[in-house]
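Asker: Would you mind keeping the following structure in view while I ask a few things?
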Amino acid sequence: MLMASLSMCAFLTTAQPKAKLNLEEAKKAIAESNDVYFKAFARGDSSIFIGRYSEDCYIMAPDGPSICGATAPLQFFRIAYHDIGLRNGKFITTAIYGVGNGYVVEEGLWQSFDANNTMFDDGKFLVLWKKTEKGWKMFRDSFSSNRTRK
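All letters in the sequence shown, in the order written, are residues 542 to 691 by our numbering.
Here is the structure:
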């Protein structure tokens, strides 16, 4: 019994630092991804944007159906850039939670700016990030506006 307790304590003390390390790694990757996300719109370069998402992603924007799969990021970029006029933005991460092996959830706020650098929308988001062979990628991206739609 004593040996089992000691083994369990040893497991818990080695597992916790690794879990913390993985969460810190995810936080760093998410911050780096968020830093370049809106640069894609400022430069009109969808290739920067597409690289933020996993190939099996779902983008769940307000006022429409989800768009899914490898072509979803390009589809969303085109709508945001050409139809909505998004040219820059800002993410404010308020929390990151470890939810399981290879997944974390990011919670936060966002702001969208047009070509005149005028904020035209803002809201909140939840992103489920997935660790892939290419690094941490957005797997499920859900967001909504704080503005009332008429």
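We treat Cβ as the ideally placed atom computed from N, Cα and C, and that holds for glycine.
Excluding sequence positions up to five away, which residues of its chain have a Cβ less than 8 Å from the Cβ of Gly-626?
Answerer: Start at 1 with the first residue of the sequence shown, and residue 626 comes out as number 85. Closer than 8 Å at the Cβ level, and outside the excluded window around Gly-626, lie Asp-655, Ala-656, Phe-661.
Asker: Can you tell me the Cβ-Cβ gap for Gly-639 and Leu-564, rounded? I've got them flagged as a contact below 8 Å.
Answerer: To locate residue 639, count along the sequence shown from 1; it is residue 98. To locate residue 564, count along the sequence shown from 1; it is residue 23. With a Cβ gap of about 5 Å, Gly-639 and Leu-564 count as contacting.
Asker: Looking at the strands, I want to know which residues DSSP matches up with Ala-636.
Answerer: What you label residue 636 is simply residue 95 of the sequence shown in a count that begins at 1. Ala-636 pairs with Glu-648.
Asker: Can you give me the Cβ contacts of Leu-553 inside the same chain, cut-off strictly under 7 Å, excluding the 5 residues immediately before and after it?
Answerer: Position 12 of the sequence shown, counting from 1, holds the residue named residue 553. Low per-residue confidence applies at Leu-553: pLDDT is 42, beneath 50, and the placement is therefore not dependable, though the value from the model is reported in the following sentence. Taken in chain order, the list of residues that qualify is empty.
Asker: Between Val-577 and the rest of its own chain, which residues show a CB-CB distance below 7 Å, the 5 nearest in sequence each way excluded?
Answerer: Within the sequence shown, residue 577 is the residue found at index 36, counting from 1. Taken in chain order, the residues that qualify are Ile-589.
Asker: Let me confirm a value: Asp-604 is counted as buried when at least 16 other C-beta atoms fall within 10 Å, else exposed. Which label applies?
Answerer: Translated into positions along the sequence shown, residue 604 becomes position 63. Per the 10 Å Cβ criterion, exposed.
Asker: Below 7 Å CB to CB, which residues in the same chain sit around Thr-673 once its five sequence neighbours on both sides are set aside?
Answerer: Within the sequence shown, numbered from 1, the residue matching residue 673 stands at position 132. These residues qualify, in order along the chain: Ser-595.
Asker: Taking the straight line between their C-alpha atoms, what separation do you get for Pro-606 and Ala-613?
Answerer: Within the sequence shown, the letter at position 65 stands for residue 606. Within the sequence shown, the letter at position 72 stands for residue 613. Pro-606 and Ala-613: Cα-Cα distance of roughly 12 Å.
Asker: Beta-carbon within less than 6 Å of Val-645's beta-carbon, same chain only, minus the 5 sequence neighbours each way: which residues are those?
Answerer: Position 104 of the sequence shown, counting from 1, holds the residue named residue 645. The answer, listed in chain order, is Ala-567, Ile-637, Gly-639, Trp-670.
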